[in-house]
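Right, one structure below, let's go through it.
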Ligand SMILES: [Zn+2]
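Numbering (the numbering used here), first residue to last: 616 to 860.
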């Protein structure tokens with residue numbers, strides 16, 4: 616095998632146009648999901664479409680590259696490339712969908728809290744931390760979960776299950792913990808999370824990422840400092856882990 620054919624790798628107009636078209640439609644789907652009132656089912660379909668079209672150009676160019684590297688005739692043959700790339704993009708998009716869709720359901724079941732006490736508490740400590748007050752959402756889930764999400768405007772999500780099992784002081788500990796995360800993210804991830812949000816609902820996954828243990832410690836530390844005791848941070852953790860088994 617020679618590498619002679621490999622040198623012939625070019626981004627020709629066919630591939631470039633296909634890639635551009637694919638990404639454009641992917642972005643259109645994303646804008647549609649964000650801005651139009653579709654049924655949840657339609658939105659899920661659009662998320663799959665978005666992901667598949669997002670993967671397609673990358674698979675296309677990788678396949679072309681591989682064909683060239685292996686001196687196969689599919690190199691620069693647009694029809695052959697598409698027929699090889701499409702199934703791969705479908706598989707990748709579907710796999711990514713499995714990861715993204717649950718996050719989407721959580722996200723779409725959110726509603727604003729009307730709890731004035733929580734709002735006032737978050738407002739007070741947002742200004743103390745010198746961050747813009749995040750939106751507070753209640754997620755309709757029995758599982759006790761809380762997370763923060765930094766986007767154009769940051770938000771804290773707390774599940775109904777969490778509010779059910781925690782006392783007022785414990786909920787405040789959780790809120791202080793999440794506020795610290797928003798503070799951390801606003802300084803470190805400002806640009807990257809903005810980019811991710813613009814590019815893909817894959818960014819929904821970002822909030823499920825485990826924060827580093829140092830960030831976790833700092834978040835707990837802040838709650839402990841404000842409350843002047845580790846009692847509520849610890850009892851909240853105990854209750855959550857007990858329910859989660
Ligand atoms: Zn945390």
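For every residue, glycine included, the Cβ atom is placed at its ideal position computed from N, Cα and C. Just so we're clear, the structure is a prediction, and the values are computed from it rather than from any experiment.
Suppose contacts are defined by Cβ-Cβ distances below 8 Å. Is residue 723 in contact with residue 657 by that definition? Position 108 of the chain shown, counting from 1, holds the residue named residue 723. Position 42 of the chain shown, counting from 1, holds the residue named residue 657. Cβ atoms of residue 723 and residue 657: not closer than 8 Å.
Output needed for residue 823: all residues of its chain with C-beta closer than 7 Å, excluding positions within five of it in sequence on either side, in chain order. Numbered from 1 along the chain shown, position 208 holds the residue referred to as residue 823. Residue confidence for residue 823 is low, a pLDDT of 44 falling below 50, so the modelled location carries little weight and cannot support an answer.
Residue 628, DSSP secondary structure in three states: Looking up residue 628 in the chain shown gives position 13. Three-state DSSP puts residue 628 in a helix.
Let me check you understand the geometry: is the CB of residue 836 closer than 7 Å to at least one non-hydrogen atom of ligand 1? Indexing the chain shown from 1 puts residue 836 at position 221. A distance criterion of 7 Å places the beta-carbon of residue 836 beyond contact range of ligand 1, judged by its closest non-hydrogen atom.
Considering residue 662, what are the terminal residues of the alpha helix (DSSP H) in which it resides? Numbered from 1 along the chain shown, position 47 holds the residue referred to as residue 662. Start and end: 655-684.
Buried or exposed, going by whether 16 or more other CB atoms sit within 10 Å of the CB of residue 700? Translated into positions along the chain shown, residue 700 becomes position 85. Note on residue 700: 16 or more other CB atoms within 10 angstroms of its CB, so buried under the neighbour-count rule.
Please check the pair residue 772 and residue 725, which I expect to be a contact at CB under 8 Å, by giving their CB distance rounded to whole angstroms. On the chain shown, position 157 is the one that residue 772 refers to. On the chain shown, position 110 is the one that residue 725 refers to. Between residue 725 and residue 772 the Cβ distance is about 6 Å, and since that is below 8 Å, they are a contact.
Say whether the segment 738-753 touches the segment 683-703, bearing in mind that this needs 3 or more beta-carbon pairs closer than 8 Å, one atom from each stretch. No: fewer than three Cβ pairs fall under 8 Å.
Could you spell out where the beta strand (DSSP E) holding residue 750 opens and where it closes? Along the chain shown, one-based indexing puts residue 750 at 135. Per DSSP, the unbroken beta strand (DSSP E) holding residue 750 starts and ends at 750-754.
Suppose only complete runs of 4+ residues qualify. What are the alpha helix (DSSP H) ranges in the segment 699-784, listed by chain order? Runs found: 731-744 and 775-780.
For the pair the segment 643-653 and the segment 678-685, tell me if three or more CB-CB distances fall below 8 Å. Contact fails between the segment 643-653 and the segment 678-685, because fewer than three Cβ pairs, one in each stretch, are under 8 Å apart.
On the criterion of 16 or more Cβ atoms from any shown chain inside 10 Å, does residue 731 qualify as buried, or is it exposed? Position 116 of the chain shown, counted from the start, is the residue given in the question as residue 731. Around the beta carbon of residue 731, fewer than 16 other beta carbons lie within 10 angstroms, which makes this residue exposed.
Work out the CA separation of residue 784 and residue 852 for me, nearest whole Å. Indexing the chain shown from 1 puts residue 852 at position 237. Indexing the chain shown from 1 puts residue 784 at position 169. Take the alpha-carbon of residue 852 and the one of residue 784: they are about 13 Å apart.
For the alpha helix (DSSP H) that residue 837 lies in, which residues bound it at each end? Residue mapping note: residue 837 aligns to position 222 of the chain shown, counting from 1. For residue 837, the enclosing alpha helix (DSSP H) starts and ends at 828-842.
Using only the alpha-carbon positions, how far apart do residue 734 and residue 727 sit? Within the chain shown, numbered from 1, the residue matching residue 734 stands at position 119. Within the chain shown, numbered from 1, the residue matching residue 727 stands at position 112. Using only the alpha carbons, I get a separation of about 10 Å.
By the three-class DSSP mapping on this structure, what secondary structure does residue 688 have? The count along the chain shown starts at 1 and reaches residue 688 at position 73. For residue 688, the secondary structure class from DSSP, reduced to helix, strand or coil, is coil.
Which value, in whole angstroms, describes the spacing of the CA atoms of residue 743 and residue 775? For the purposes of this step, residue 743 is taken as the residue at position 128 of the chain shown. For the purposes of this step, residue 775 is taken as the residue at position 160 of the chain shown. Residue 743 and residue 775: Cα-Cα distance of roughly 27 Å.
Just the Cα atoms here: how many angstroms apart are residue 591 and residue 746? This structure cannot speak to residue 591, because the chain is shown only from 616 to 860.
Own chain partners of residue 707 with C-beta closer than 6 Å, once the 5 adjacent residues on each side are dropped: Here residue 707 corresponds to residue number 92 of the chain shown, with the count starting at 1. Closer than 6 Å at Cβ, skipping near neighbours: 670.
DSSP on residue 850, reduced to helix/strand/coil? Taking the chain shown and counting its residues from 1, one reaches residue 850 at position 235. Under the three-state reduction of DSSP output, residue 850 falls in the helix class.
Nearest CA to the CA of residue 842: which residue from 854, 798 and 789? Translated into positions along the chain shown, residue 842 becomes position 227. Cα-wise, what sits closest to residue 842 is 789.
Short check: CB of residue 786 to CB of residue 794, under 8 Å? Sequence index remark: in the chain shown, residue 786 carries index 171 (1-based). Sequence index remark: in the chain shown, residue 794 carries index 179 (1-based). No. Outside cutoff.
What do you reckon, is the C-beta of residue 831 under 7 Å from a heavy atom of ligand 1? Walking along the chain shown from the start, residue 831 turns up at place 216. Because some heavy atom of ligand 1 lies under 7 Å away, the Cβ of residue 831 counts as near it: yes.
Rounded separation between residue 737 and residue 799 - CA only: Mapped onto the chain shown, residue 737 falls at position 122. Mapped onto the chain shown, residue 799 falls at position 184. Rounded to the nearest angstrom, the two C-alpha atoms are 16 Å apart.
Tell me whether the beta-carbon of residue 759 lies closer than 8 Å to the beta-carbon of residue 855. Within the chain shown, numbered from 1, the residue matching residue 759 stands at position 144. Within the chain shown, numbered from 1, the residue matching residue 855 stands at position 240. For residue 759 and residue 855, yes; Cβs fall inside 8 Å.
Out of 690, 663, 679 and 694, which has the shortest C-alpha to C-alpha gap to residue 715? Walking along the chain shown from the start, residue 715 turns up at place 100. The option with the nearest alpha carbon to residue 715 is 663.
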